[in-house]
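In UniProt numbering, the protein residues as written are 1 to 201.
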Amino acid sequence: MTGLPPIIDVNVDLRQKKRNLYKAINDIGKLFGKGAVASFYAWHKAKQLHRQEITTAANGQKSVALIGHPYIIHDRQISMDVINRLHKLEFNVVTPEMVNGNDADQAAKAIGKKLFWSYSHHMAGAALAYMQPNNPVDGIIFLTSFSCGPDALTAELVSQHAKSRGIPYMLLTVDEHTAEAGFITRLEAFTDMLRRRWALC
């Protein structure tokens, strides 16, 4: 296909030394024609915005933890633009990547056994971290694709822990046959329920 922008193909391996992260930041900056200083400034600015997003969730605003793989929840077409839809419904959205690895690992100990799939383990740990009393969310939405086998296990684990803590939970599955109208109806019904629940507290 012609006329498309180049793919950002940079290996970011956070399991290795921190200098690998710095190299990845610099390499990504080069793809945009930016030098090292501009690249690191952009990274630092992104971290600040990240912290602001997390802080917003703790400022009394209704918030939903949207659990799923980044390539699903941040793809506006695949996810039916779920993040923006939740924002329009006046809900703050927090996602697994907003929880650092150590916090997710600590929270995931409640599962009893580390999941074989590394990001599935992080998703479960992040969801459990959002269920903690010091980091409450009003509800949890697990967004998955129909064909993702590991998500079936992860979603069930998250569902069980949400139920045991009395936290509203909804599983949304998307594929090429997902109807937008039905998706929106379920999303609106879930957020309406959260508002009614919040009004009683």
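Beta carbons: idealized from backbone N, C-alpha and C, even for Gly. Values in this document were obtained by computation on a predicted structure and should not be read as measured data.
Distances from the CA of valine 137 to each of Pro70, Ile167 and Ala179 were compared; the closest alpha carbon is that of Ile167. Linking histidine 122 to threonine 154 through their CA atoms gives a straight-line distance of about 10 angstroms. Valine 93 carries a strand assignment under DSSP once its states are collapsed to helix, strand and coil. In summary, asparagine 92 is buried, with 16 or more beta-carbon neighbours lying within 10 Å of its beta-carbon over all protein chains present. The bridge partners DSSP lists for alanine 65 are Val94 and Ile140. A residue is called buried when at least 16 other Cβ atoms come within 10 angstroms of its Cβ; threonine 191 meets this threshold and is buried.
Short of 8 angstroms from the beta carbon of histidine 87, and not among the five residues preceding or following it, lie these beta carbons of its own chain, in chain order: Val93. In terms of Cβ geometry, leucine 143 and valine 99 do not form a close pair [threshold 8 angstroms]. Shortest Cα-Cα distance from glycine 68 to any of Ala36, Val158, Val10 and Asn20 involves Val158.
Between alanine 129 and isoleucine 140, the gap from beta carbon to beta carbon reaches 8 angstroms or more. Valine 174 sits in a strand when the DSSP states are folded into three classes. Setting aside the 5 residues that flank it on each side, leucine 31 is surrounded in the same chain by Pro6, Ile8 and Val10, each with a C-beta closer than 8 angstroms to its C-beta; the list follows chain order. Within its own chain, the residues whose Cβ lies closer than 7 angstroms to the Cβ of tyrosine 119, once the five positions on either side in sequence are excluded, are His69, listed in chain order. Taking the CA atoms as reference points, phenylalanine 40 sits about 12 angstroms from glutamine 48. Shown here for proline 150: same chain residues with a beta carbon closer than 6 angstroms to its own, the five before and five after excluded, namely Trp117 and Ser120 in chain order.
Listed in chain order, the non-local C-beta contacts of glutamate 97 below 7 angstroms within the same chain comprise Pro70, local neighbours out to five positions each way being set aside.
Where proline 70 is concerned, the enclosing alpha helix (DSSP H) starts and stops at 70 to 73. In terms of CA proximity to methionine 131, Tyr169 leads the group Phe146, Tyr169 and Lys114. Assigned with DSSP and collapsed to three states, serine 145 falls in strand. Counting every other CB atom within 10 Å of its CB across the protein chains shown gives serine 164 a total below 16, marking it as exposed.
Taking 8 angstroms as the cut-off, the beta carbon of leucine 187 is found no closer than this to the beta carbon of valine 37.
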